[in-house]
Amino acid sequence: MASLDPTNWQNPLGQAMCGRYQFVADQKDVADHFGLVGDLPALQPRYNVAPTQVVVVVGLKPDGQQRGLALLRWGLIPRWAKEPGKHPPINARAETLLEKPTFRDSFKQRRCLVPATGFYEWEKVGRRKAPHHFRLAGGGLMAFAGLWDVWAGPDGAKLATCCVVTVPANRLVEPLHDRMPAVLAREDFAAWLDPTTPVCDLQALLRPYPAEGMEALVVGPAVNNVRNDGPECLAPAA
DNA sequence: CCAGACGTTGTT
DNA sequence: GTCTGG
DNA sequence: CCAGACGTTGTT
DNA sequence: GTCTGG
Numbered sequence: 024m025a026s027l028d029p030t031n032w033q034n035p036l037g038q039a040m041c042g043r044y045q046f047v048a049d050q051k052d053v054a055d056h057f058g059l060v061g062d063l064p065a066l067q068p069r070y071n072v073a074p075t076q077v078v079v080v081v082g083l084k085p086d087g088q089q090r091g092l093a094l095l096r097w098g099l100i101p102r103w104a105k106e107p108g109k110h111p112p113i114n115a116r117a118e119t120l121l122e123k124p125t126f127r128d129s130f131k132q133r134r135c136l137v138p139a140t141g142f143y144e145w146e147k148v149g150r151r152k153a154p155h156h157f158r159l160a161g162g163g164l165m166a167f168a169g170l171w172d173v174w175a176g177p178d179g180a181k182l183a184t185c186c187v188v189t190v191p192a193n194r195l196v197e198p199l200h201d202r203m204p205a206v207l208a209r210e211d212f213a214a215w216l217d218p219t220t221p222v223c224d225l226q227a228l229l230r231p232y233p234a235e236g237m238e239a240l241v242v243g244p245a246v247n248n249v250r251n252d253g254p255e256c257l258a259p260a261a
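Following our numbering, the residues of the first sequence are numbered contiguously, the last one being 261.
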């Protein structure tokens, strides 16, 4: 087993699960869906969001009431880390959020919603990798359960990061992977964001989204390369 | 007491 | 094979 | 998650 | 910061 020194977050065994997603939505729909008020920054269509990139999240503003958008780097660096590693965790297992020092405080105090319109999983076909796109049936906005933290370097420079909570895969995703992002229903947004929600209530929200409410598409290999970030990522497989 | 770790999924 | 970059 | 690099000295 | 291992 390789070193687990947080200054060297290597992953010698493999990669994390929910490692690529899509967020393509109109500003107005995002505002409506997430209950955002006031001016929003322009939302670039993102067909291929990858780890280490800056992502859009929804959180409570400092007043603790209104919701707002924030830009956080995907890959959680806890505030106590001595150095930000190169590959911080992009996912956090729902079952162990309270046990893991890396996630526990963020789970209790710093939760967010990660807006998305789908996520990708890869099927190994020989030595090829065939991406599949998972989304809500008929499309539409999803919200992944997210955690965040702010790390400060010795020079005071701040680095705000986040990760996506995972749960066991539902029947639709299970053929490809045994984990999937925790997708929160709209009626659960308030409880997830509320810093006073009891932990057991939060845990009850972290369950596989029903397969009946989702659909899958087999897409071409464009999404494999992070340089591709346009509609070609959804082109059907040849 | 101090030192050192602190993570995920997937593959074997 | 393993690590970095996106 | 996948793709792509993986090295040196010396020259532009 | 907090926990485990020695």
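The C-beta atom is built at its ideal place from N, Cα and C for all residues, glycine as well. The model shown is predicted, which means the values in this text are computed figures rather than measured ones.
### Query
Mind checking whether Pro268 and Thr75 have CB atoms under 7 Å apart?
Limits of the chain in this structure are 24 at one end and 261 at the other, which puts residue 268 out of reach.
#### Entry: Element boundaries [beta strand (DSSP E), containing Ala93]
Segment Arg90 to Trp97, the beta strand (DSSP E) holding Ala93.
### Task
Would you check if the distance between the CB atom of Leu99 and the CB atom of Cys186 is smaller than 7 Å?
Yes, the Cβ-Cβ distance between Leu99 and Cys186 is below 7 Å.
### Message
Can you look up Ala175 in the DSSP assignment and give me helix, strand or coil?
### Response
Note: Ala175 maps to strand in three-state DSSP.
### Task
Output yes or no for whether 7 Å exceeds the beta carbon distance between Val79 and Leu92.
Closer than 7 Å, so yes.
#### Entry: Delimiting residues of the alpha helix (DSSP H) encompassing Trp215
DSSP places Trp215 in the uninterrupted alpha helix (DSSP H) bounded by Phe212 to Leu216.
#### Entry: Selection from Arg133, His155, Leu95 and His110 that minimises the alpha carbon distance to Tyr44
For Tyr44, the nearest C-alpha among the options comes from His155.
### Task
Please report how far the alpha carbon of Leu257 lies from the alpha carbon of Ala234, in whole angstroms.
So the alpha carbons of these two residues sit roughly 20 Å apart.
### Task
Determine the DSSP secondary structure at Gln33, reduced to helix, strand or coil.
Its pLDDT being 32, under 50, Gln33 is placed unreliably in this model, and the value from its coordinates should be taken loosely. Coil at Gln33, not helix or strand.
### Message
Taking the alpha-carbon of Ala214 as reference, which of Gln88, Gly141, Glu255 and Val77 has the nearest alpha-carbon?
### Response
In this structure, Gln88 is the residue among Gln88, Gly141, Glu255 and Val77 with its C-alpha nearest to the C-alpha of Ala214.
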